[in-house]
Amino acid sequence: MIKVDNSAKRRIFTESKTQKVLSLKAQIEKKIETLEANRTYNYDKALCKFEKELNSKNLSVFKFKNAIELKIDELLQPQQQLSESFKRELQKLKKSLYLILVGDISQIRFFIKQLRDNGSLLIHLYCDETNHPKSNDYKKFQEIFEDLYKKELSNHSIKKSFFEMFEDINVCPYCNRNFINPIYKKTKIGCDNETQSPDIEHFFPKSMYPFLSLSISNLLPSCSFCNKIKSNVDTFNNCKSPYEIDNKIDFLFEFNQDAQDINKRNVTVKTKLNNSEILHLENLYNEVHLHYINDIYFDVFSHPEKYLNELSSTLKADESEQRKWYKSFFRNYADEADFNKHPLSKLTKDLFNHLNSVKQT
1 MIKVDNSAKR RIFTESKTQK VLSLKAQIEK KIETLEANRT YNYDKALCKF
51 EKELNSKNLS VFKFKNAIEL KIDELLQPQQ QLSESFKREL QKLKKSLYLI
101 LVGDISQIRF FIKQLRDNGS LLIHLYCDET NHPKSNDYKK FQEIFEDLYK
151 KELSNHSIKK SFFEMFEDIN VCPYCNRNFI NPIYKKTKIG CDNETQSPDI
201 EHFFPKSMYP FLSLSISNLL PSCSFCNKIK SNVDTFNNCK SPYEIDNKID
251 FLFEFNQDAQ DINKRNVTVK TKLNNSEILH LENLYNEVHL HYINDIYFDV
301 FSHPEKYLNE LSSTLKADES EQRKWYKSFF RNYADEADFN KHPLSKLTKD
351 LFNHLNSVKQ T
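Counting in full-length UniProt numbering, the sequence shown runs from 1 upward without gaps.
Listed below in structure tokens is the structure:
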């Protein structure tokens, strides 16, 4: 996994490119940045005054909020026959929509914790419906948010604008293995769609937390493999979103010391989190990418003096020259900020650090 920026600029998007809309977007982002810097987190107070602005309907946060409110109001109608306790929770949820839609990942996690601690009816934490059936109220609630996600984002033209927020991310942030760039074809071939795009992964699954279906801090572009394999696993406990990851602490690739024996090389993911197990990352890297690791080992150990001489002279050069040498030798990016540009960049950097430690012993 690799770190992804969760700043306010990555939580509001629009299809409109007019100056007035973009100016309003910038004002709101600035407001969010200020309240988060002050740790006040009163998103409702900060954003409600922008809601009646002429161009507000062009921004995702207000578009989604209005759509959600309409659906919740429909669900609260007497003919839906919801229990009074479920109705009360829906009313409370309406007061937290700004937080849900544009709150940062720490506030989303805190909001979930409050609901879990209070035994909220708006959460269903079981995959096994035979032994843990969903209430009729919950099924209706889940259905409207599933429908909202499809109509307002997944199957809507605004989806392209969502992906534009992540235009610097070329690789799946969950596995750092597969490219995820949207593909926009000029012409149709057979029954193909004109536009293909990465999957949109809900870090906290929408089957368990339906109200987060349109929460931007819960959404990330991902490869189809990670989206499928992660499925509906509850990621609240002992898991971190790419928005929360520290590349230097939370996930480290380690390599066995018997580096000369090709048959004994393997990769271990050093982590205290469950993400690697859920995504089968260690197995995937060992089964699919060992040839890549072996190629690097071969380059280093077949010409050890050349490698050490180049490394020694490079470390004396400026950062620009260091990056050039690293990229030419390892065919990847050295800087953490660039891990999102090319597959296996995190693995490569950890392998580079490992090789240096081996060569120095």
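Note that the Cβ used here is the ideal one computed from N, Cα and C, for glycine as well.
On a predicted model such as this, the values are computed, not experimentally measured, just so you know.
> Assuming Phe339 and Asn247 make a contact with CB atoms under 8 Å, what is their CB distance in whole Å?
Replying inline: In the sequence shown, counting from the first residue as 1, residue 339 sits at position 339. In the sequence shown, counting from the first residue as 1, residue 247 sits at position 247. Right, the Cβ-Cβ distance comes to about 7 Å (below 8 Å), so this counts as a contact.
> What are the boundary residues of the beta strand (DSSP E) that Lys270 is part of?
Replying inline: Walking along the sequence shown from the start, residue 270 turns up at place 270. Looking at the DSSP string, the run of the beta strand (DSSP E) that includes Lys270 is 267-270.
> What number of angstroms, rounded off, separates the C-alpha of Glu146 from the C-alpha of Pro210?
Replying inline: Numbered from 1 along the sequence shown, position 146 holds the residue referred to as residue 146. Numbered from 1 along the sequence shown, position 210 holds the residue referred to as residue 210. Roughly 7 Å between the two C-alpha positions.
> How many angstroms separate the CA atom of Ser276 from the CA atom of Asn286?
Replying inline: Translated into the one-based positions of the sequence shown, residue 276 becomes position 276. Translated into the one-based positions of the sequence shown, residue 286 becomes position 286. About 13 Å.
> Which residue's Cα is closest to the Cα of Glu53: Glu69, Lys25, Asp44?
Replying inline: Here residue 53 refers to the residue found at position 53 when the sequence shown is read from its first residue. Glu53 has its Cα closest to that of Lys25, out of Glu69, Lys25, Asp44.
> Name the DSSP beta bridge partners of Phe179, please?
Replying inline: Against the sequence shown, residue 179 aligns to sequence position 179. BP columns for Phe179 point to Val171.
>> Classify Lys346: buried if its beta carbon has 16 or more other beta carbons within 10 angstroms, exposed otherwise.
In response: Stepping through the sequence shown from its first residue, residue 346 is reached at position 346. Classification of Lys346: buried, given that the 10 Å Cβ count is 16 or more.
>> Cutting at 8 Å between CB atoms, please list the residues of its own chain near Leu90, excluding the five before and the five after it.
In response: Along the sequence shown, one-based indexing puts residue 90 at 90. Ile72, Leu75, Leu76, Leu82, Leu122, Phe141.
> Counting along the chain, where does the beta strand (DSSP E) carrying residue 373 start and finish?
Replying inline: The first residue shown for the chain is 1 and the last is 361, placing residue 373 beyond what the model contains.
> Which word fits Ser224, buried or exposed, when buried means at least 16 other C-beta atoms lie within 10 angstroms of its C-beta?
Replying inline: Position 224 of the sequence shown, counting from 1, holds the residue named residue 224. It counts as exposed.
> Between which two residues does the alpha helix (DSSP H) harbouring Leu35 extend?
Replying inline: The residue you call residue 35 lines up with position 35 of the sequence shown. Where Leu35 is concerned, the enclosing alpha helix (DSSP H) stretches over 19-37.
> For the alpha helix (DSSP H) that Asp295 lies in, which residues bound it at each end?
Replying inline: As a first step, residue 295 must be located in the sequence shown, where it is residue number 295. Element bounds for Asp295: 290-302.
> Mapping DSSP to helix, strand and coil, what is Glu89?
Replying inline: In the sequence shown, counting from the first residue as 1, residue 89 sits at position 89. Three-state DSSP puts Glu89 in a helix.
> Which same chain residues, not among the five before or five after Tyr126, have their C-beta less than 6 Å away from its C-beta?
Replying inline: Taking the first residue of the sequence shown as 1, we reach residue 126 at position 126. So the list reads His132, once near-sequence residues are dropped.
> What are the boundary residues of the alpha helix (DSSP H) that Leu115 is part of?
Replying inline: Here residue 115 refers to the residue found at position 115 of the sequence shown. It spans 105-117 - the alpha helix (DSSP H) in which Leu115 sits, taken as one unbroken run.
> For the region 145-159 against the region 314-328, are there 3 or more C-beta pairs whose distance is under 8 Å?
Replying inline: no
> Since Val300 and Leu355 are thought to touch, with beta carbons under 8 Å apart, how far apart are those beta carbons, to the nearest angstrom?
Replying inline: The sequence position of residue 300 within the sequence shown is 300, counting from 1. The sequence position of residue 355 within the sequence shown is 355, counting from 1. Confirmed, about 6 Å.
>> Given this structure, state the Cα-to-Cα distance separating Leu101 from His291, to the nearest angstrom.
In response: In the sequence shown, the residue the question calls residue 101 occupies position 101. In the sequence shown, the residue the question calls residue 291 occupies position 291. Whole-angstrom Cα-Cα distance: 43 Å.
>> Give me the DSSP bridge partner(s) of Ser222.
In response: If you number the sequence shown from 1, residue 222 lands on position 222. According to DSSP, Ser222 bridges with Asp199.
> Where does Thr348 fall in DSSP's three states?
Replying inline: The residue labelled residue 348 in the question sits at position 348 within the sequence shown. Three-state result, Thr348: helix.
> Between Glu282, Lys341, Tyr307, which lies nearest to Val267 when the distance is taken from Cα to Cα?
Replying inline: By one-based count along the sequence shown, residue 267 stands at place 267. Of the candidates Glu282, Lys341, Tyr307, the one whose C-alpha sits nearest the C-alpha of Val267 is Glu282.
> Roughly how many whole angstroms lie between the Cα atoms of Lys185 and Lys160?
Replying inline: Within the sequence shown, residue 185 is the residue found at index 185, counting from 1. Within the sequence shown, residue 160 is the residue found at index 160, counting from 1. Annotation note: pLDDT 49 at Lys185 (below 50); position unreliable, no value reported.
> Taking Cβ positions, are Ala334 and Lys349 nearer each other than 8 Å?
Replying inline: To locate residue 334, count along the sequence shown from 1; it is residue 334. To locate residue 349, count along the sequence shown from 1; it is residue 349. Going by C-beta atoms, Ala334 is nearer than 8 Å to Lys349.
> Taking contact to mean at least 3 C-beta pairs separated by less than 8 Å, is the region 1-14 in contact with the region 160-171?
Replying inline: yes
>> With distance defined between alpha-carbon atoms, name the residue in Thr271, Ile245, Tyr243, Gln27 nearest to Phe253.
In response: Translated into positions along the sequence shown, residue 253 becomes position 253. For Phe253, the nearest C-alpha among the options comes from Thr271.
>> I'd like to confirm the pairing. Which residues does DSSP put opposite Thr14 in its beta bridges?
In response: Residue mapping note: residue 14 aligns to position 14 of the sequence shown, counting from 1. Beta-bridge pairing links Thr14 to Leu59.
> Does the region 94-108 come close enough to the region 48-66 that 3 or more CB-CB pairs lie under 8 Å?
Replying inline: yes
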